[in-house]
Structure formats: structure tokens, C-alpha cells
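Undergrad: Residue numbers (my numbering): -8 to 348.
1) Please name the residue in 274, 255, 271, 280 whose C-alpha comes closest to that of residue 263.
2) Which one of 327, 236, 289, 31 has the shortest CA to CA distance from residue 136?
3) Taking residue 122 and residue 130 to be in contact with their CB atoms under 8 Å, please state how far apart those CB atoms are, rounded to whole angstroms.
4) Using a 10 Å radius around the Cβ and a threshold of 16 neighbouring Cβ atoms, would you call residue 75 buried or exposed?
5) Report buried or exposed for residue 65, applying the criterion of at least 16 other Cβ atoms within 10 angstroms of its Cβ.
6) Identify the continuous beta strand (DSSP E) that holds residue 216 and give its terminal residues.
7) Is it the case that the Cβ atoms of residue 437 and residue 167 are separated by a distance below 9 Å?
8) Suppose you measure from the CA of residue 228 to the CA of residue 155; what does that come to, to the nearest Å?
9) What are the boundary residues of the alpha helix (DSSP H) that residue 22 is part of?
10) Suppose contacts are defined by Cβ-Cβ distances below 9 Å. Is residue 124 in contact with residue 161 by that definition?
11) Report back the beta-carbon spacing between residue 35 and residue 179 to the nearest angstrom; my notes put them in contact at under 8 Å.
12) Mind checking residue 106: buried by the 16 CB within 10 Å criterion, or exposed?
13) Could you name the residues that DSSP lists as bridge partners for residue 152?
14) Would you check if the distance between the CB atom of residue 71 and the CB atom of residue 181 is smaller than 9 Å?
15) Tell me which residues share the same chain as residue 48 and place their Cβ nearer than 7 Å to its Cβ, disregarding the 5 neighbours each side in the sequence.
16) Determine the closest residue to residue 12 out of 270, 304, 79, with distance taken between C-alpha atoms.
17) As a quick exercise: from 83, 115, 108, pick the residue whose alpha carbon is nearest that of residue 191.
18) Which ranges does the alpha helix (DSSP H) cover as unbroken runs of at least 4 residues, wholly within the stretch 75 to 117, from first to last along the chain?
19) I'd like the span of the alpha helix (DSSP H) that includes residue 301, first residue to last.
Below is the structure:
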């Protein structure tokens, strides 16, 4: 989308617009987190929380809209087009977003801090001189109703607080897994409006979607997480853990100790200083269970823990615990789950048991 450099002075409305993501079949965790932030901000100064969704026809049903309302949305706007696939690219939605902003510019736009959202939203708001801040971990209004942001720097090793005032629109792109999802209120409801999206014929079309490798799968959105700590012995242990993750269609996580030792990137860290996850299945290998780690995964539906220390704190939150060598257990699970004539029977049983968790 082109921009000639001329700034348009929009009439700003007292609203917060949340750009919602439904790429994995349900509302992403970060969408519900953004709604929680939006509701807190709106309640403080009397703004209205609106949600904008881009989806193929029929993808967003009334029950989906009710879930957004339960988390704070006061209006839900669904923009539909048959070219919208499971993964949106900026060229597909920027024209629709800009057309909407021409009619109703919100005071604040909240969206996930991912490349596909940051690029598209920045292009859409460029003509209005909006302030765009990516890589944020928190947003709030101070006593003067100025916007206060906390942003990450130096590969998320440090952060800084920024304050913005004035009447220009704000765009804040927030990292997932930081704020946490608030408790929904099923009694709330919101009107749903459906619109035809603007997608130019020469724009990009999604032909096929390939799921990410376990080492890059978003921890916050994953239904299954296999995590390693000091007890898996080193980078080689994480290589084996990644094999297990591939077989289970899981994301790879880690304790802070493993990250500090340089065995795995910080983006894989689970805990107070990393990601907060709520998967259906969390498997902890060689993780002792420090309080800061437990805070990042205690809301998992089912926790399986393997550790040599029978007194390890991780067992206090585990539904299933095994006292043993984490590397040996990982290797055995990989052997059982890998397709082979000899292991086919055992593999089928193990896979069925774990996939039902």
C-alpha cells in the first residue's frame, strides 16, 4: 500500500480498537489478552472497546462473537472475504483497515506484536501520523491520561518505559503471553456487524499454510508444550526434545536455567521472566520447578514431570510424575513414537494416549 507523505488530521473517536486473530481455529491467546488490556484502559477513561476481525465468510460465528464480548468487547466488526485464509498477510487487510479508519479513527489500536500485524497496521495508519510502538510488554494510562508503554530492547534482555501525550492516534503492538487472560463474564454481550472486505485483485493470495517447526511454534498458542531444564544435559538434549516435539506436534519450551546456560534462545523461556503458557499438555523434563517457572505454566490443564530428584517442586503441580533420567525418558518416547515396523504397536498406543491429553 502506497503513502505519498501527506498527513491527514483524523477526527479521533473515544474508542479502543482491538485487531483480533483467529488463525488457529479459535481466538488466539494474545487476542484475549489484548481485550483485557483494552477493557482496563477503556474503563479508566470511558472509552468503548471495539473488535475488528478479518476472516473468510462463515469462519466467525455468533458463539465466537459472544466469547469476545465475555472478555470485554462492546462491538464486534467482522470483515469477510473469500481470499482470507488461516494466515493473513498485510496486503490482504490494509485497504480494509485504512477505509475503516477513514470513517472511525480510534484513540488507540491494540494488535499482536508479530511481523504480519506490525507491518500491515503501520502501513494502514501512516497517513494519519499515528504513533506506532511495537515490541511492547505492557500498556497503561497514567494519572494525566498519557499513554505509558514498556518496550523490550536488546533481544528482550532489557526494557524501557515510554510516555506519550497529545491527540494523535496511538498504535500499540503487544507481545503475547505477558498480560495473561482475564476471567470471562458470560453474561456480557455485544452487537456483531458483518462487512465486505476490500481485497484488490493483484494482492497476495494464501495458497497453502505450513505449520511452523516446533522450535519456532508460538509457545503461548500451543496446545502442547514439551519443556527442558538443566536436567536434560545440554544443547544435545534440546535436539532430542525437539524430535519429541515434532512427533507430538508440540512447541519446545525451557526453564530460565537452560536459557541462561545458552542451550536454547530466550524466546523459548517459560516463567515470570519469559512466557506464560496455558496448554492442554505440559511435559517438563529435567526442570526442578522454581517458583518463577511454575508461575509461567501452572495453569496448564495436564502437567507431566520427569526429574531425578523425587523432592523436586515440579511434582507438586504434576498430574503424572516420573522419577528418572529426563534424557533417557525423552529418548525412549522418541523411539516409541517414531514410525517403524517394530515399534508400530507401542507407538500407536503412546501417541493415542498423549494426543488425548
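Cβ atoms here follow ideal geometry from the backbone N, Cα and C, with glycine treated the same way.
TA: Taking the coordinates as given:
1) Along the chain shown, read from residue 1 onward, the residue named residue 263 stands at position 272. Of 274, 255, 271, 280, the residue nearest in Cα terms is 280.
2) By one-based count along the chain shown, residue 136 stands at place 145. Taking only the C-alpha atoms, the option nearest residue 136 is 31.
3) Within the chain shown, the letter at position 131 stands for residue 122. Within the chain shown, the letter at position 139 stands for residue 130. With a Cβ gap of about 12 Å, residue 122 and residue 130 do not count as contacting.
4) Position 84 of the chain shown, counted from the start, is the residue given in the question as residue 75. Buried: at least 16 other Cβ atoms inside 10 Å.
5) Translated into positions along the chain shown, residue 65 becomes position 74. By the 10 Å Cβ count, residue 65 comes out buried.
6) Residue 216 sits at position 225 when you count from the first residue of the chain shown. Counting along the chain, the beta strand (DSSP E) containing residue 216 begins and ends at 215 to 219.
7) The question about residue 437 has no answer here: the residues shown for the chain are numbered -8 through 348.
8) The residue given as residue 228 occupies position 237 in the chain shown. The residue given as residue 155 occupies position 164 in the chain shown. Approximately 45 Å between the Cα atoms of the pair.
9) As a working mapping, residue 22 is identified with position 31 in the chain shown. Run containing residue 22: 20 to 36, per the alpha helix (DSSP H) assignment.
10) Locating residue 124 in the chain shown gives position 133, where the first residue counts as 1. Locating residue 161 in the chain shown gives position 170, where the first residue counts as 1. It is a contact, given that the beta carbons lie within the stated cut-off.
11) In the chain shown, residue 35 corresponds to position 44, counting from 1. In the chain shown, residue 179 corresponds to position 188, counting from 1. Actually they do not touch by this definition, with Cβ atoms about 18 Å apart.
12) Taking the chain shown and counting its residues from 1, the one referred to as residue 106 is at position 115. It counts as exposed.
13) Residue mapping note: residue 152 aligns to position 161 of the chain shown, counting from 1. DSSP lists 141 as partners of residue 152.
14) Counting from one through the chain shown, the residue named residue 71 turns up at place 80. Counting from one through the chain shown, the residue named residue 181 turns up at place 190. No, the Cβ-Cβ distance between residue 71 and residue 181 is not below 9 Å.
15) Here residue 48 is taken as the residue at index 57 of the chain shown, counted from 1. Here the set comprises 71, 73.
16) Against the chain shown, residue 12 aligns to sequence position 21. Nearest C-alpha to residue 12: 79.
17) Mapped onto the chain shown, residue 191 falls at position 200. It is 83.
18) 81 to 94, 106 to 116
19) Along the chain shown, one-based indexing puts residue 301 at 310. Taken as a continuous stretch (DSSP letters only), residue 301 belongs to no alpha helix (DSSP H), as it is neither H nor E.
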